[in-house]
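J.: Mind having a look at this structure? Questions to follow.
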Amino acid sequence: MSKERKSTVLLQHHLKQLKLPTMLKEYPLLAKSCSQEKSDYPTYLLRLCEKELAERQRRAMDRRIKGAKFPLLKKKSTALILLHKSRSMNLW
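The numbering used here numbers the first residue of the sequence shown as 430 and each following residue consecutively.
Listed below in structure tokens is the structure:
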């Protein structure tokens with residue numbers, strides 16, 4: 430096994446162990462992009478971390494929305510009535 434192949438396999442393993450799925454998915458494409466832009470290594474790491482953080486924040490928001498168990502509105506007219514009532518009660 431070549432040294433480059435070994436380091437790639439180890440990197441993938443470590444990212445899985447650290448539970449960094451977005452970094453695992455994005456690092457090859459981002460590395461290529463940063464290489465073409467001639468970005469330095471800290472910039473590459475920053476972009477990779479930003480992607481991981483953004484994805485975690487998105488998933489956390491999705492979990493909170495799902496966990497809130499908001500009632501589903503069946504009709505558009507019901508949604509408009511509720512919106513009008515909430516505005517008239519100065520909730521917004």
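Every residue gets a Cβ at the ideal spot worked out from N, C-alpha and C, and that includes glycine. Note that the structure is a prediction, hence the values are computed from the model and not measured.
What are the boundary residues of the alpha helix (DSSP H) that includes P471?
T.: Locating residue 471 in the sequence shown gives position 42, counting from the first residue. Counting along the chain, the alpha helix (DSSP H) containing P471 begins and ends at 470–497.
J.: Assign H443 to one of two classes, buried (16 or more other C-beta atoms within 10 Å of its C-beta) or exposed (fewer than that).
T.: Residue numbering aside, residue 443 sits at position 14 when the sequence shown is read from its first letter. So H443 counts as exposed.
J.: Can you tell me which of the three DSSP states P500 falls into?
T.: Stepping through the sequence shown from its first residue, residue 500 is reached at position 71. Looking at P500 - three-state DSSP - the assignment turns out to be coil, as it is neither helix nor strand.
J.: Three-state secondary structure (DSSP) at S431?
T.: By 1-based counting over the sequence shown, the position of residue 431 is 2. Note: S431 maps to coil in three-state DSSP.
J.: Measuring CA to CA, which of A497, A489, P500, C478 is closest to L453?
T.: Indexing the sequence shown from 1 puts residue 453 at position 24. It is C478 whose Cα lies nearest to the Cα of L453.
J.: How about R476 and L459: are their beta carbons less than 8 Å apart?
T.: As a working note, residue 476 is residue 47 in the sequence shown. As a working note, residue 459 is residue 30 in the sequence shown. Yes. Within cutoff.
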